[in-house]
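Residues 6 to 211 in this note's numbering are what the sequence shown lists, from first letter to last.
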Amino acid sequence: MRNPYQVLEIREGASEEEIKAAYKRLVRKYHPDQYANNPLSDLAEEKLKEVNEAYDILMKNKSNYNRNQESNNWDNQQYNNSSSNLYSQIRAHIERGNINQADQMLEGITNRDAEWNYLKGIIFLRRGWYDMAYQHIQLAVNLEPYNIEYRSALNNLASRANTYRDVGTSRGYRNDPSFCEICQCLICSDCLCECLGGDLISCCVF
Numbered sequence: 006m007r008n009p010y011q012v013l014e015i016r017e018g019a020s021e022e023e024i025k026a027a028y029k030r031l032v033r034k035y036h037p038d039q040y041a042n043n044p045l046s047d048l049a050e051e052k053l054k055e056v057n058e059a060y061d062i063l064m065k066n067k068s069n070y071n072r073n074q075e076s077n078n079w080d081n082q083q084y085n086n087s088s089s090n091l092y093s094q095i096r097a098h099i100e101r102g103n104i105n106q107a108d109q110m111l112e113g114i115t116n117r118d119a120e121w122n123y124l125k126g127i128i129f130l131r132r133g134w135y136d137m138a139y140q141h142i143q144l145a146v147n148l149e150p151y152n153i154e155y156r157s158a159l160n161n162l163a164s165r166a167n168t169y170r171d172v173g174t175s176r177g178y179r180n181d182p183s184f185c186e187i188c189q190c191l192i193c194s195d196c197l198c199e200c201l202g203g204d205l206i207s208c209c210v211f
């Protein structure tokens, strides 16, 4: 399985208190009750299973695991920590609307992993480039198929795009490129806000 510290979204060598706190937070996040009648329920179940396994490894065999890590010379620890910190900073810039700064920082990361592609997709969304956004978020899902955040964002994009397209057609709106581009920009901006905890088009409920 993946590095249990990464699964629990905590730093390497975290204390037992930090491990327990992270575990409780993730159990609440992926608990089956949160995904009743939700198409993501199977993914949430897999994620919860992975969280439980990571917790057991760190709590029951933490000393052995850490010794094995040292003996295997996992010299990417510093890189992983710095990369995680960068992603947190990039997310903060996106939330504040500093898109150019976020994109510049993202381009400085050489490891184009799932998180990189997800954030790149969010940046494309904010700029109104729907197709590129969808491609990057789809790639993020392909790289980490059990990541609820990525999968939810992808489903949200597809659902919103289809809904707006259907509504526009049923109401007889023009189907020319300019109208479609305007709709896509609104859809993308709204999806971006919701991915980061806000809501641009509050009157729209689907």
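The beta-carbon is built from N, C-alpha and C at its ideal position, and this holds for glycine as well.
- Within 10 angstroms of its Cβ, does H141 collect 16 or more other Cβ (buried), or is it exposed? When all chains shown are included, H141 counts as buried.
- Indicate whether the contact test is met: 3 or more Cβ pairs, each with one atom in the stretch 8 to 24 and one in the stretch 120 to 128, closer than 8 angstroms. no
- Query: When the distance is taken between beta carbons, is I127 closer than 8 angstroms to D108?
  - Reply: no
- Query: For P9, which residues of its own chain have a beta-carbon under 8 angstroms away from its beta-carbon, when the five flanking residues on both sides are left out?
  - Reply: E58, A59, Y60, I62, L63 and Y70
- Task: Check whether the Cβ atoms of Q143 and L159 lie closer than 8 angstroms to each other.
- Result: yes
- Report the three-state DSSP secondary structure of N116 (helix, strand or coil). coil
- Message: Does L63 come out as helix, strand or coil in the three-state DSSP assignment?
- Response: helix
- Query: Can you name, in chain order, every residue of its own chain whose Cβ lies under 7 angstroms from the Cβ of D118, other than the five neighbours on each side?
  - Reply: So the qualifying residues of the chain are L148.
- Could you check which residue in N152, L111, R156 and K34 has the C-alpha nearest to that of R7? N152
- Query: Going by C-alpha distance, which of R30, K65 and N42 is nearest K52?
  - Reply: R30
- Item | Per-residue burial, A49 [other beta carbons within 10 Å of its own, 16 or more giving buried] | With 16 or more other Cβ atoms within 10 Å, it is buried.
- Query: What whole-angstrom Cβ distance do S157 and L45 have, given they're in contact under 8 angstroms?
  - Reply: Going by Cβ atoms, the distance from S157 to L45 rounds to 6 angstroms, so yes, they are a contact pair.
- Task: Would you kindly work out how many angstroms separate the C-alpha atoms of I95 and A41, rounded to a whole number?
- Result: 32 angstroms
- Does the Cβ of A97 have 16 or more other Cβ atoms within 10 Å, making it buried, or fewer, making it exposed? exposed
- Which value, in whole angstroms, describes the spacing of the CA atoms of N103 and R132? 11 angstroms
- Where the alpha helix (DSSP H) through Q143 begins and ends: Y135 to L148
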